[in-house]
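Mapping of the sequence shown onto our numbering: residues 1035 to 1277, in sequence order.
All C-beta atoms, glycine included, are put in the ideal place defined by N, C-alpha and C.
Below is one structure, written out as structure tokens; comments come after it.
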Amino acid sequence: MKAYFDKIYKGTYKEFVQKLSESLDKEKKEFIVTANPETFMIGESDPAFDLILRAAYTTIVPDGIGVVKAANMLGIPLKDRITGVELCEALFSLLDDKKKKLYLFGAKKEVVQALVKKIERTYPHIEISGYTDGYVQERERVMEEIIEREPDVALVALGIPYQEILIDQYYDRFPKGIFIGVGGSFDVLSGTKKRAPRLFIKCNMEWLYRIMSEPKRIGRFYRSNIRFIKKVRLLQRGAGHED
Ligand code: UDP
């Protein structure tokens, strides 16, 4: 897991958005993984996802506060959280300014449709090159469509690690574009699900709000976070010899 921390993006949110803006201008491909403790724990147990996290062509950004705090404990100072929802919003603004193309893949049909409507209203210069909900039978066909339509940004919201593994399988074949697995972000961005109130975000308690509003997450959250904390402590004591 140490390798993930060594690799994680260490600049500010603003610097990262600037980097994406330049990549859009140069049509440089990007594959971004937004990380919370669960992301790293899945990486530890799923070899395909582990390879993605370690790959030279992927960028890991610290989405969850747990990742930021753990990095600091390990002597890796991180400046900002860079969340999936905020990245999506920054990319929408950039695409609108630059009159570029967006593809959305994932979430329930009514959610992705509501998000498309909202984007059309708010960012009139974005060209939506296509969208598909995340419950279609043939995910492969959707990926082929993304290759054909050549969007400048493709957001894939199918949950970790499926979204990243799918992007990875096709990554060589995309001629250009910024690819991000954004988990539940479409639910929030479409207005279907509320993000935590500002106060929770400011106090770094967004995770608590998420658990309170979706109690079925408690088991999953507890298991991965306890394992994560144990692992970070081991690394801190210098006992985590693997990288
Ligand atoms: N989802 C989907 N197809 C599926 C399973 C899930 O499109 O077969 C969507 C789901 O509707 C939600 C997102 O994937 O919008 C996963 O959200 P979650 O908050 O669970 O993300 P994670 O925490 O796994 O990143």
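* Shortest alpha-carbon distance to V1187 belongs to which of K1063, K1227, E1049, A1037? -> K1063
* D1221 classed as buried or exposed, judged by whether at least 16 other C-beta atoms fall within 10 angstroms -> buried
* **DSSP state of T1092 mapped onto helix, strand, coil** => strand
* Would a C-beta distance cut-off of 8 Å place F1074 and Y1038 closer than the cut-off? -> yes
* How would you call G1218, buried or exposed, if buried means at least 16 neighbouring beta carbons within 10 angstroms? -> buried
* **DSSP bridge partner residues for F1065 (one or two, in chain order)** => T1092, F1213
* **Span of the alpha helix (DSSP H) around L1125** => 1118–1132
* Extent of the continuous beta strand (DSSP E) run through S1163 -> 1161–1166
* State the start and end residues of the unbroken alpha helix (DSSP H) segment that holds Y1047. => 1047–1060
* Cut-off 8 Å between Cβ atoms - residues of its own chain near I1042, not counting five sequence neighbours on either side -> A1069, I1094, V1095, P1096, V1101, A1105, I1110, L1112
* Distance between E1144 and E1297 (C-alpha atoms, nearest Å) -> The requested residue 1297 is not part of the displayed model; the chain covers only 1035 to 1277.
* Between which two residues does the beta strand (DSSP E) carrying G1253 extend? -> No beta strand (DSSP E) contains G1253, which is instead part of the alpha helix (DSSP H) from 1252–1270.
* Asked: Under the rule that 16 or more other beta-carbon atoms within 10 Å means buried, what is R1254, buried or exposed?
  -> exposed
* Asked: Nearest to V1176 by CA position, among I1160, I1201, F1050, is which residue?
  -> I1201
* Asked: Can you give the Cα-Cα distance for G1164 and L1136, rounded to whole angstroms?
  -> 7 Å
* Asked: Regarding F1138 and ligand 1, is the C-beta to nearest heavy atom distance less than 7 Å?
  -> Looking at the sequence provided, one finds Leu at residue 1138 rather than Phe. Not so, every heavy atom of ligand 1 lies at least 7 Å from the Cβ.
* Which of the three DSSP states, helix, strand or coil, is assigned to K1044? -> coil
* Buried or exposed by the 16-neighbour rule on C-beta atoms within 10 Å, applied to V1051 -> buried
* Check: Y1169 C-beta below 7 Å from any heavy atom of ligand 1 -> yes
* **Local conformation of F1033 per DSSP, three classes** => Only positions 1035 to 1277 of the chain appear in the structure, and residue 1033 is not among them; the question remains open.
* On the DSSP bridge assignment, give the partners of K1103 in chain order. => None; K1103 has no bridge partner.
* **Through-space distance from V1067 to L1189, alpha-carbon basis** => 11 Å
* Heavy atom of ligand 1 within 7 Å of V1202 beta-carbon -> For clarity, residue 1202 is Asp in the given sequence; the question names Val instead. Answer for D1202: no, Cβ out of range of ligand 1.
* Asked: When DSSP labels each residue in this structure, what does L1138 get in the three-state scheme?
  -> strand
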